[in-house]
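To start, the structure itself, in structure tokens.
Residue numbers (full-length UniProt numbering): 1 to 266.
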């Protein structure tokens, strides 16, 4: 774990909200950061940062958000490692003195049948997603409870709700289902303090990096299997997350909301 932060030194009183977004270097996380970046908003942007390209992508997201008036800091950590989630929250509090909203977006999807599933793959999926989410929320609870705009949003997936033999996601589906269960537990426990906790479950969503990003045939098949006839853009999912973080969503908690073009209709 290591951290690279750039903060102006403003106190938490200078901000309307402090938001931590994990997995902010690309895709939905990056789209959300750019969408909510504004003056008097502080953003802690996280990425795993294992490669130089990952660090450069996060730096570009931070630069874009700063250009929109937000105050940004960045942190790098592999959330599957013990203590990493706590480290990320600690860095947020150290940088900004508060944490109002947490978006647990980091994760991965891996196609794998149950028959091919090995214990290491299952453990890795649970460490990176539900275990990391639980650790993030536990470390952030005191700050969230003291906030007037406490929000938690976790990114789930359609794979926890749609099961097909030709598109198996054994480990990922199990991890995302566990994530949703933990989010509902957190919603119940944090509700007395006015903190909402919800999950967003995207369907097929365009990727801007990774081995599948340029696989045109795969995306065509994904669009054909989606009732609306097209896949989502990261901005489509970010729009819902931004709403759940807003004051208008203060009475929504404990929900799993799908942004999937009807993929899980049947």
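From the three backbone atoms N, C-alpha and C, an ideal C-beta is built for every residue, glycine too.
* To do: Ignoring anything shorter than 4 residues or poking outside the region 195-258, list the alpha helix (DSSP H) runs there in chain order.
  => The region 195-258 contains, as complete alpha helix (DSSP H) runs of 4+ residues, the segments 216-225 and 234-245 (chain order).
* Asked: By DSSP, does residue 114 sit in helix, in strand, or in coil?
  -> On the chain shown, residue 114 is found 114 positions in, with the first residue counted as 1. Assigned with DSSP and collapsed to three states, residue 114 falls in coil, not helix or strand.
* Under a three-way DSSP split, which group does residue 45 fall into? -> Residue 45 sits at position 45 when you count from the first residue of the chain shown. In the structure shown, residue 45 sits in a strand (DSSP, three-state: E or B).
* Using CA coordinates, which residue listed in 27, 32, 16 and 15 is at the minimum distance from residue 244? -> Position 244 of the chain shown, counting from 1, holds the residue named residue 244. With respect to the C-alpha of residue 244, the residue from 27, 32, 16 and 15 having the closest C-alpha is 32.
* Cβ neighbours of residue 177 in the same chain (closer than 6 Å, five flanking residues each side left out) -> Here the question's residue 177 lines up with position 177 in the chain shown. The residues 160, in chain order, have a CB closer than 6 Å to that of residue 177 in the same chain once the five nearest residues on each side in sequence are set aside.
* Asked: Should residue 262 and residue 230 be called a contact, given that it needs their Cβ atoms to be closer than 8 Å?
  -> If you number the chain shown from 1, residue 262 lands on position 262. If you number the chain shown from 1, residue 230 lands on position 230. Between residue 262 and residue 230, the gap from beta carbon to beta carbon reaches 8 Å or more.
* How about residue 117 and residue 145: do their beta carbons lie closer than 8 Å? -> For this step, residue 117 is matched to residue 117 along the chain shown. For this step, residue 145 is matched to residue 145 along the chain shown. Cβ distance not < 8 Å, so residue 117 and residue 145 don't count as in contact.
* Environment of residue 236 [buried if 16+ CB atoms lie within 10 Å] -> As a working mapping, residue 236 is identified with position 236 in the chain shown. Within 10 angstroms of the beta-carbon of residue 236 lie 16 or more other beta-carbons, which makes it buried.
* In DSSP terms, what residue 126 is bridged to -> Position 126 of the chain shown holds residue 126. Per DSSP, residue 126 has no beta-bridge partner at all.
* Is it true that the region 110-124 meets the region 24-44, where meeting means three or more beta-carbon pairs spaced less than 8 Å apart? -> Cβ pair count under 8 Å is below three, so no.
* Neighbourhood of residue 38 by C-beta distance below 7 Å, restricted to the same chain and skipping five residues each side -> As a working mapping, residue 38 is identified with position 38 in the chain shown. For residue 38, the CB contacts under 7 Å within the same chain, skipping 5 residues up- and downstream, are 68, 69 and 70 in chain order.
* Classify residue 82 as buried or exposed, calling it buried when 16 or more other Cβ atoms lie within 10 Å of its own Cβ. => Looking up residue 82 in the chain shown gives position 82. Classified as exposed, residue 82 has fewer than 16 neighbouring CB atoms from the shown chains inside 10 Å of its CB.
* Asked: So what's residue 99 in DSSP terms, helix, strand or just coil?
  -> The residue labelled residue 99 in the question sits at position 99 within the chain shown. In the three-state scheme derived from DSSP, where H, G and I count as helix and E and B as strand, residue 99 is classed as coil.
* Excluding five sequence neighbours on each side, which residues of the same chain lie with their C-beta closer than 7 Å to the C-beta of residue 223? -> In the chain shown, residue 223 corresponds to position 223, counting from 1. Taken in chain order, the residues that qualify are 229, 230 and 231.
* Put residue 79 into one of helix, strand or coil per three-state DSSP. => For the purposes of this step, residue 79 is taken as the residue at position 79 of the chain shown. Coil, per DSSP.
* Asked: Of the choices 153, 99, 126 and 106, whose alpha-carbon is the least far from that of residue 49?
  -> Taking the chain shown and counting its residues from 1, one reaches residue 49 at position 49. Looking from the CA of residue 49, the closest CA among 153, 99, 126 and 106 belongs to 106.
* To do: Could you say if the region 100-114 and the region 136-152 meet the contact criterion of at least three C-beta pairs nearer than 8 Å?
  => Because the criterion of three Cβ pairs below 8 Å is met, the region 100-114 and the region 136-152 touch.
* Nearest neighbour of residue 259, chosen from 248, 200, 112 and 66 [CA to CA] -> Here residue 259 corresponds to residue number 259 of the chain shown, with the count starting at 1. Nearest in C-alpha terms to residue 259, of all of 248, 200, 112 and 66, is 200.
* Count the other C-beta atoms from every protein chain shown that fall within 10 angstroms of the C-beta of residue 114, then say buried if there are 16 or more, exposed otherwise. => Taking the first residue of the chain shown as 1, we reach residue 114 at position 114. By the Cβ neighbour-count rule, residue 114 is exposed, with fewer than 16 other Cβ atoms within 10 Å of its own.
* DSSP puts residue 21 in a beta bridge; with which residues? -> As a first step, residue 21 is located in the chain shown; it is residue number 21 there, counting from the start. 45 and 103, per the DSSP bridge assignment.
* Would a C-beta distance cut-off of 8 Å place residue 125 and residue 171 closer than the cut-off? -> Locating residue 125 in the chain shown gives position 125, counting from the first residue. Locating residue 171 in the chain shown gives position 171, counting from the first residue. When the beta-carbon positions are compared, residue 125 and residue 171 come within less than 8 Å of each other.
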